[in-house]
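In this note's numbering, the protein residues as written are 2 to 494.
Ideal placement from N, C-alpha and C gives every residue a C-beta, glycine not left out.
Quick caveat, the model's predicted, so the values are computed rather than measured.
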């Protein structure tokens, strides 16, 4: 890809993509969601192009994982279906207008992510971005955002969010990079469209979503106007190529991998090679001050999503610790009880902050309510800060068989299984013990556990980003006023 000046003309033979005008289907089924992925999108996986992601075997686990976002509407309509004057629609896209709406959203996210083994499923992140844009976009960008929200609601659209630019030299801003394509930028404009070029990374669900919502990764400065851009396009838009990570691609069985054999997310490097975007789909164009507002507005919702989707993962850690301690016959030991108390305290503190963030919700621009940023970031910080220690504790309780235990093929062989049943018996039968140990391994030390470890450190913002937001969000007036009151009382004594 050749780096061109931002004033370069877009290719003359590239047509402006049109917005699909499908019939309104406000609640799709899981089968309809999968069928909608057959659109000729350009996807590269392990060096080869994939013709149809919906039938590609290596993507099937990820698509089934994401389909829970559609199945929950049929299974739990009281939680997952909202209503307006046009009828029923997905509650993931219900704009929060009160603290009660955010409480309900937190419960929905926790429920769908319990189906997803403590990992986001699909609609959560995309709706976070739409809410953030509705709050932070201005002028025509806000008008476009409202129309886009209506499109998403009316067609039950699955959204992926492309926010993290590849960044290049982190000591330099967008306009200071040696290669100008290391942040997504506008390279041309005409009456109907803008043309963008560059790349985003860590784009979850891109290969198995319907559309991409692209937003800034950071605040911008004067000189960065070309990089201050936000928009939404179908994944199959010409010029978009998804380079999907092969992480977690190995064949797995349910004995050794009770979670990762059934759950997976697709992540991509998302490249925009002279992609033309209709102006009706543009929410930000050239306003460097608004770029930071949109980036942070997304974060306000995305970290709220994070702390709620982590709750089933924390329950799994606490539950696995209890089961494996019982299987090993150590559950009554004093040091084990102390460890279990620490795990409970860790998990329930995150849950408490998650609940508090909704109860303390504040009204944002346009009547769109947002979770309390202080409580949300405290929840996320506490989760991230404590996750690795919690995983270490659960591994400690499980023992070395987490790494050296037998595999699924061993257990499937009746002759070998008889030996395993004899020598791996604990306070419970060998199968019960080994399955509990393998659950611990999948959660903490295998590829899935490693994935969760990286997510705890980097997903939804780093520990440092959460510290900064805690400091920024804290209201100093109350403690400072009280401290001054005590000083004044002392002075009068």
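Beta-carbon proximity check, residue i vs residue j, cutoff 8 angstroms
i, j, result
"residue 471", "residue 382", "yes"
"residue 295", "residue 137", "yes"
"residue 205", "residue 161", "yes"
"residue 474", "residue 329", "no"
"residue 74", "residue 55", "no"
"residue 156", "residue 447", "no"
"residue 1", "residue 215", "No information on residue 1 is available, as it lies outside the stretch 2 to 494 that the chain covers here."
"residue 125", "residue 310", "yes"
"residue 1", "residue 325", "Lying before the first or after the last residue shown, residue 1 is absent from the chain, which here runs from 2 to 494."
"residue 71", "residue 120", "no"
"residue 197", "residue 183", "no"
"residue 261", "residue 243", "no"
"residue 195", "residue 280", "yes"
"residue 526", "residue 220", "Since the first residue of the chain shown is 2 and the last is 494, residue 526 is not available in this structure."
"residue 497", "residue 299", "One cannot answer for residue 497 here, as it falls past the ends of the chain, which runs 2 to 494."
"residue 43", "residue 241", "yes"
"residue 271", "residue 159", "no"
"residue 267", "residue 453", "no"
"residue 226", "residue 320", "no"
"residue 467", "residue 385", "yes"
"residue 405", "residue 110", "no"
"residue 402", "residue 340", "no"
Alpha carbon of residue i to alpha carbon of residue j, nearest angstrom
i, j, result
"residue 224", "residue 144", "26 angstroms"
"residue 62", "residue 123", "13 angstroms"
"residue 89", "residue 443", "38 angstroms"
"residue 187", "residue 303", "26 angstroms"
"residue 176", "residue 229", "11 angstroms"
"residue 489", "residue 358", "34 angstroms"
"residue 395", "residue 322", "5 angstroms"
"residue 103", "residue 25", "27 angstroms"
"residue 100", "residue 370", "7 angstroms"
"residue 36", "residue 52", "14 angstroms"
"residue 1", "residue 276", "What is shown of the chain runs 2 to 494, which leaves residue 1 out entirely."
"residue 427", "residue 407", "15 angstroms"
"residue 64", "residue 264", "9 angstroms"
"residue 486", "residue 494", "12 angstroms"
"residue 13", "residue 274", "Interpretation of residue 13 is limited by its pLDDT of 38, a score under 50 that renders its predicted location unreliable; no figure is taken from the coordinates."
"residue 45", "residue 148", "32 angstroms"
"residue 460", "residue 337", "31 angstroms"
"residue 481", "residue 173", "37 angstroms"
"residue 49", "residue 252", "19 angstroms"
"residue 170", "residue 463", "18 angstroms"
"residue 333", "residue 390", "21 angstroms"
"residue 360", "residue 375", "12 angstroms"
"residue 483", "residue 364", "27 angstroms"
"residue 356", "residue 108", "9 angstroms"
"residue 366", "residue 84", "23 angstroms"
"residue 416", "residue 439", "21 angstroms"
Residues that DSSP places opposite residue i in a beta bridge
i, result
"residue 235", "212"
"residue 85", "88"
"residue 286", "230"
"residue 201", "166, 271"
"residue 363", "371"
"residue 30", "Looking at the DSSP assignment, residue 30 forms no beta bridge with any residue, so it has no partner."
"residue 49", "46"
"residue 189", "196"
"residue 243", "44, 271"
"residue 277", "196"
Assumed close pair residue i, residue j - CB separation to whole angstroms, cut-off 8 angstroms
i, j, result
"residue 256", "residue 134", "That belief does not hold up - the Cβ atoms of residue 256 and residue 134 are roughly 45 angstroms apart, past 8 angstroms."
"residue 421", "residue 431", "6 angstroms"
"residue 445", "residue 392", "4 angstroms"
"residue 388", "residue 457", "4 angstroms"
"residue 208", "residue 165", "At roughly 16 angstroms, the Cβ-Cβ gap does not stay under 8 angstroms, so residue 208 and residue 165 are not in contact."
"residue 380", "residue 455", "Incorrect: roughly 19 angstroms between the Cβ atoms, too far for contact."
"residue 67", "residue 93", "Going by Cβ atoms, the distance from residue 67 to residue 93 rounds to 12 angstroms, so no, they are not a contact pair."
"residue 352", "residue 312", "6 angstroms"
"residue 418", "residue 425", "Not quite, the Cβ-Cβ distance comes to about 10 angstroms (not below 8 angstroms), so this is no contact."
"residue 236", "residue 211", "7 angstroms"
"residue 476", "residue 372", "About 16 angstroms; that fails the 8 angstroms criterion."
"residue 132", "residue 181", "So it is not a contact: roughly 31 angstroms between Cβ atoms."
"residue 28", "residue 82", "7 angstroms"
"residue 327", "residue 429", "7 angstroms"
"residue 222", "residue 409", "So it is not a contact: roughly 54 angstroms between Cβ atoms."
task = For the region 108-176, list the beta strand (DSSP E) runs that are entirely contained and at least 3 residues long, ordered along the chain.
result = Unbroken beta strand (DSSP E) runs of no fewer than 3 residues, entirely contained in the region 108-176, are found at 160-163, following chain order.
key: Unbroken stretches of the alpha helix (DSSP H), 4 residues or longer, contained in the region 392-442   = The qualifying runs are 402-405, 409-413, 415-424.
request  = Taking only runs that begin and end inside the region 280-346, name each unbroken beta strand (DSSP E) of 3 or more residues, in chain order.
outcome  = Here the runs fully enclosed are 283-286.
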